[in-house]
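Chains as they are written, first to last, in the working numbering: chain A, 61 to 254; chain B, 61 to 254.
All residues carry an ideal CB built from backbone N, CA and C; glycine is no exception.
Since the structure is predicted, the reported quantities are computational estimates derived from the model, not experimental observations.
Okay, structure first, notes after.
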DNA sequence: TTATTAATCAGACAATCGTCTGAATTAATA
DNA sequence: TATTAATTCAGACGATTGTCTGATTAATAA
């Protein structure tokens with residue numbers, strides 16, 4: 061069978077992924093994606109029937125990326141609490157993007173959460189994936205079995221908040237500082253048994 | 061002079077304010093505002109030449125509202141630290157709106173921060189207004205003169221984060237819990253001199 | 001080679017966007 | 001009352017939106 065198409069499809073998803081992040085979902089048009097990908101607009105319908113379908117595939121791809129990232133951390137042979145620290149520290153690598161465009165997940169949920177609830181629900185899965193992983197680490201540490209959900213949600217809150225403010229102020233150093241504070245909080249919290 | 065117009069103008073701003081919050085700026089059309097306000101589209105040009113101009117006036121009105129709110133707190137004859145607690149506690153009154161539509165300021169900054177930087181800069185002034193007020197309260201308390209900016213920014217981070225997550229999960233109780241945690245943190249932090 | 005499927009691509013489609021006109025209407029001023 | 005200015009309002013404007021044809025080319029299978 062003829063399957064050059066899968067490469068083209070992946071190329072479209074990657075292009076759309078960046079544009080959705082940099083411009084927002086509703087502010088990114090079919091024409092934008094087509095031009096940016098170097099693929100004529102008429103060719104799109106062969107791969108995706110609607111813009112929503114593109115976003116759904118973008119989300120699936122993001123989920124895969126994060127799952128890979130989390131799996132890589134698990135293979136590092138760290139203690140659960142150190143896995144959490146590792147994950148959060150690694151976010152600092154994205155500080156430039158966060159300060160310029162916000163969180164790729166949070167910003168799209170904020171956008172879609174107003175009027176496009178079906179798409180929002182799908183995007184939300186990425187946040188849940190991360191929070192569940194954090195929660196699982198807290199449980200594995202043995203010290204926070206009943207508070208794992210609260211603790212992991214609190215981390216999500218502070219990460220999202222740090223990104224929103226860093227984006228609003230266009231100040232990446234403020235993101236770094238808030239993350240460092242969060243790491244200190246974890247050091248204290250992780251040493252307290254419940 | 062004939063000035064029924066000022067009432068109409070205010071009515072347009074109020075209508076647009078709600079729609080921008082509930083639908084987002086770019087997802088709200090002139091037609092939406094016109095229909096929702098019960099004013100023919102052609103009449104708009106008499107008051108606003110562009111949609112941007114409407115947003116600018118919406119922001120000005122929001123700034124006034126928040127300034128009034130902060131002034132009212134100042135008149136309550138509370139200690140600075142209690143003024144901060146009062147302001148943060150009062151946010152819980154908006155939990156339903158936060159869970160359904162996110163933060164009216166944060167969500168519009170996130171949206172405009174991607175491609176409409178001039179409008180974002182104006183929206184950002186609302187966040188700065190609040191943070192400066194918080195910072196001023198910390199300084200007046202006498203205990204946190206050099207760390208007032210860091211402390212106030214941290215509060216902004218946690219408020220914005222709590223709203224983003226409450227909105228993502230459509231869970232207002234999670235907002236309340238995070239705010240209560242924040243209040244506890246302030247109790248501890250405010251009692252520590254620097 | 002022939003038949004079949006996969007992929008490309010120019011451009012049409014109705015609907016909607018933000019913007020703008022110009023005439024009609026209303027109210028205040030002279 | 002006559003004049004002037006403020007306000008109303010139906011609808012046109014070009015540009016852009018997301019969606020969709022249908023003809024064409026490229027690659028595989030029979």
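Are the C-beta of residue 224 of chain B and some C-beta of chain A separated by less than 9 Å?
yes
Contact between the segment 70-82 of chain B and the segment 106-118 of chain B (3+ Cβ pairs under 8 Å)
yes
Rounded to a whole number of angstroms, what is the C-alpha to C-alpha distance between residue 203 of chain A and residue 197 of chain A?
10 Å
Specify the secondary structure class of residue 106 of chain B as computed by DSSP and reduced to three states.
helix
Mapping DSSP to helix, strand and coil, what is residue 199 of chain B?
helix
Status (buried if at least 16 other CB within 10 Å, exposed otherwise) for residue 100 of chain B:
exposed
In the segment 158-183 of chain B, which residues sit with their C-beta less than 7 Å from some C-beta in chain A, listed in chain order?
161, 162, 166, 167, 169, 170, 171, 173, 174, 175
Please decide whether residue 244 of chain A counts as near chain B, where near means a Cβ-Cβ distance under 9 Å.
no
Should residue 216 of chain B and residue 194 of chain B be called a contact, given that it needs their Cβ atoms to be closer than 9 Å?
yes
In terms of residue numbering, what span does the alpha helix (DSSP H) encompassing residue 242 of chain B cover?
232-251
Does any CB atom of chain B fall closer than 9 Å to the CB of residue 112 of chain A?
no
Taking the Cβ atom as the reference point for each residue, do residue 144 of chain B and residue 250 of chain B lie within a distance shorter than 9 Å?
yes
Given a limit of 9 Å on CB to CB distance, which residues of the segment 66-90 of chain B reach chain A?
81, 82, 83, 84, 86, 87
Start and end residues, alpha helix (DSSP H) containing residue 147 of chain B
140-150
Spell out a yes or no on whether the segment 231-239 of chain B and the segment 180-188 of chain B are touching, meaning 3 or more CB-CB pairs, one atom from each, closer than 8 Å.
no
Can you grab the Cα-Cα spacing for the pair residue 247 of chain B / residue 128 of chain A, in whole Å?
41 Å
Are the segment 208-224 of chain B and the segment 218-227 of chain A touching by the rule of at least three beta carbon pairs closer than 8 Å?
yes
Answer with yes or no whether the minimum CB distance from residue 228 of chain A to chain B is below 9 Å.
yes
Roughly how many whole angstroms lie between the Cα atoms of residue 257 of chain A and residue 177 of chain A?
This structure cannot settle anything about residue 257 of chain A, because the visible part of chain A is limited to 61 through 254.
Proximal residues of chain B, C-beta to C-beta of residue 98 of chain A below 8 Å:
Those within 8 Å of residue 98 of chain A in chain B number zero; the least Cβ separation is about 21 Å.
Chain A residues whose Cβ lies nearer than 9 Å to that of residue 216 of chain B
221, 224, 225, 228
Taking its Cβ as the centre, do 16 or more other Cβ atoms sit within 10 Å of residue 212 of chain A, making it buried, or is it exposed?
buried
Chain-ordered chain B contacts of residue 194 of chain A [CB-CB under 9 Å]:
Result: empty, since nearest Cβ-Cβ is about 13 Å, beyond 9 Å.
Buried or exposed by the 16-neighbour rule on C-beta atoms within 10 Å, applied to residue 226 of chain B
buried
Leaving aside the five residues before and after residue 107 of chain A along the sequence, list all residues of the same chain whose C-beta is less than 8 Å from its C-beta, in chain order.
65, 68, 69, 72
Could you list which residues in chain A have their beta carbon closer than 7 Å to that of residue 187 of chain B, in chain order?
228
Listed from N- to C-terminal order along the chain, which residues in the segment 197-214 of chain B have their beta-carbon within a distance smaller than 8 Å of any beta-carbon of chain A?
210, 213, 214
Check whether chain B comes within 9 Å of residue 134 of chain A, counting only Cβ atoms and requiring the distance to be less than that.
no
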